[in-house]
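J.: Below: one structure in structure tokens.
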Amino acid sequence: PTILAIESSCDETSAAVIRGGKVLSNIVNTQAVHEQYGGVVPELASRAHQQNIIPVVAQALLQANVNKSELNAVAFTRGPGLLGALLVGSSFAKSFALGLNIPLIDVNHMQAHILAHFIDDPKPQFPFLCLTVSGGHTQIVLVKDHLDMEVIGQTTDDAVGEAFDKTAKMLGLPYPGGPMLDKMAAQGNPKAFEFPVGNMPAYNYSFSGIKTSVLYFLRDKTKNDAAFVQENIADICASVQKTLIKTLLKKVVLASKELGVKEIAIAGGVSANSGLRRTLQEYAAKYNWNVYIPAFQYCTDNAGMIAIAAHYQYLKGDFASQYVSPEPRLKI
Ligand code: ATP
Ligand code: MG
Ligand code: FE
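Under full-length UniProt numbering, the sequence shown is numbered contiguously, ending at residue 335.
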């Protein structure tokens, strides 16, 4: 099938065209308007999606060299995400499908982050474990089939992406903080400082505590030394990053052991983190895992991942009605 897919859950307006499971185009417009506020402003995101969506879709069709009359379905992100932002994508997709008289496919954004692994080779074998780490989620998912997934553990408070972003903000790094912190960490010593992280039962996480510990650490260190942050920023970044990565992977090791699964994938925006990618490779050698790390373009939000999810849903006959509504808290 040839499918147009739309992603609009947060601050990326994106459209992709997929044919026979092959992504032909994947246009991503990251909204710049939020930079000056240091975070995503929901109402501004909705407005930017409205401005972007038609040109982004037009560009996706053009780059794929696909005419809209060739489309077999239109897919969109149903959730989770910001309601106003989701409404722009879903309303557009519904109208487009209605106008072309083709079926509509509603996609779960978190499933799509995981299914991004099926865009290119090598593809994980079922069952595999996926550590899904993003701006709003931190989950360990047991993936039994393309559309059969079970969340076996997750954060009980903040997402790890938030921990990256908030730490970066406290250090005065510009938004978006995660990628900046990653860059700074590359030049620092990860053993310079110690930060405690909450230890939760089973495969669960807690990342709200590290925020506070970084805050107190900075408050104490800067009391008599105004230049402390400036002089130690790379070491602080490297130390925080190392702590977050160790915490994340500890539960993956546990889940892998207890469930006997050695196919291990990472997904979501934080899977772009160079420290996490490198450490996962080291664990692969140590624990005899086959690890799957997405290409950078498929880590953060993009419609290519929505398209591949839609591809499998199409094959299964899993379509949505025109009455479907966005679901900001949609679960896997
Ligand atoms: P969700 O998918 O949970 O709904 P989201 O869509 O906002 O949330 P993504 O776009 O998947 O999240 O990921 C964005 C997050 O990834 C941000 O928190 C960002 O800081 C983080 N991130 C991106 N690149 C890196 C990196 N190199 N290192 C650390 N964090 C990163
Ligand atoms: Mg984003
Ligand atoms: Fe996302």
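A virtual CB, placed ideally from N, CA and C, is assigned to each residue, including glycine. These numbers come from a predicted model, not from an experiment.
Quick check on this structure: which residue in L134, F220, E46, D223 has the alpha carbon closest to the alpha carbon of Y206?
T.: L134
J.: What do you reckon, is the C-beta of F167 under 7 Å from a heavy atom of the ligand ATP?
T.: yes
J.: Note down, in chain order, each residue of its chain lying with its Cβ closer than 8 Å to the Cβ of H37, except the 5 sequence neighbours on either side.
T.: D14, V43, V44, L47, A48, Y178
J.: Is the CB-CB distance between V255 and L132 below 8 Å?
T.: yes
J.: Could you spell out the range, first to last residue, of the alpha helix (DSSP H) harbouring N192?
T.: Note, N192: premise wrong, no alpha helix (DSSP H); not H, not E.
J.: Just checking my contact of F121 with V146 at CB under 8 Å: how many whole Å lie between their CB atoms?
T.: Wrong, their Cβ atoms sit about 10 Å apart, outside the cutoff.
J.: In chain order, what residues of the same chain have a beta carbon less than 6 Å from the beta carbon of C240, not counting five sequence neighbours either side?
T.: L184, M187, A188, G191
J.: Between the region 91-105 and the region 280-294, do three or more beta carbon pairs fall short of 8 Å?
T.: no
J.: Should P83 be labelled buried (16 or more other beta-carbon atoms within 10 Å of its own) or exposed?
T.: buried
J.: Should Q233 be labelled buried (16 or more other beta-carbon atoms within 10 Å of its own) or exposed?
T.: exposed
J.: Considering only their Cβ atoms, is the gap separating A270 from K214 smaller than 8 Å?
T.: no
J.: Could you check if H52 belongs to the surroundings of the ligand ATP, using beta carbon to heavy atom distance under 7 Å?
T.: no
J.: Sorted by chain position, which residues of the same chain lie with C-beta nearer than 8 Å to G212's C-beta, five sequence neighbours on each side aside?
T.: P199, V200, G201
J.: Below 7 Å, is the gap between the Cβ of S49 and the nearest heavy atom of the ligand FE?
T.: no
J.: In angstroms with no decimal places, state the Cα-to-Cα distance between residue 2 and G180.
T.: No answer is possible for residue 2: it lies beyond the span of the chain, which begins at 4 and ends at 335.
J.: May I ask you to check if the CB of H140 is nearer than 7 Å to at least one heavy atom of the ligand ATP?
T.: yes
J.: Any heavy atom of the ligand FE inside 7 Å of the beta-carbon of D304?
T.: yes
J.: Suppose the cutoff is 7 Å on Cβ atoms and the five residues either side in sequence are ignored; what does the same chain contact list for L27 look like?
T.: Taken in chain order, the residues that qualify are V20, I21, A67, V69.
J.: Mind pulling the beta strand (DSSP E) runs of 3 or more residues that sit fully within the region 217-300?
T.: 266-270, 293-295
J.: Following the continuous beta strand (DSSP E) through residue 357, name the residue where it begins and the one where it ends.
T.: Given that the chain is displayed from residue 4 to residue 335, the structure contains no residue 357 and the question cannot be resolved.
J.: Compute the minimum distance between the beta carbon of H116 and the heavy atoms of the ligand ATP, and state whether it is under 7 Å.
T.: yes
J.: Under three-state DSSP, which class holds D148?
T.: strand
J.: Any chance the region 300-309 sits against the region 326-333, with 3 or more Cβ pairs inside 8 Å?
T.: no
J.: Tell me the DSSP secondary structure of N68 in three-state form.
T.: coil
J.: Could you have a look at I105 and say whether DSSP puts it in helix, strand or coil?
T.: coil
J.: Under 6 Å Cβ to Cβ from R280, same chain only, skipping five residues before and after it: list those, please.
T.: I296
J.: Taking K169 as part of the alpha helix (DSSP H), name the residues at either end of that continuous run.
T.: K169 -> alpha helix (DSSP H) spans 163-173.
J.: For the alpha helix (DSSP H) that contains I311, what are its first and last residues?
T.: Taken as a continuous stretch (DSSP letters only), the alpha helix (DSSP H) holding I311 covers 306-319.
J.: Alpha carbon to alpha carbon, how far is T158 from Q54?
T.: 34 Å
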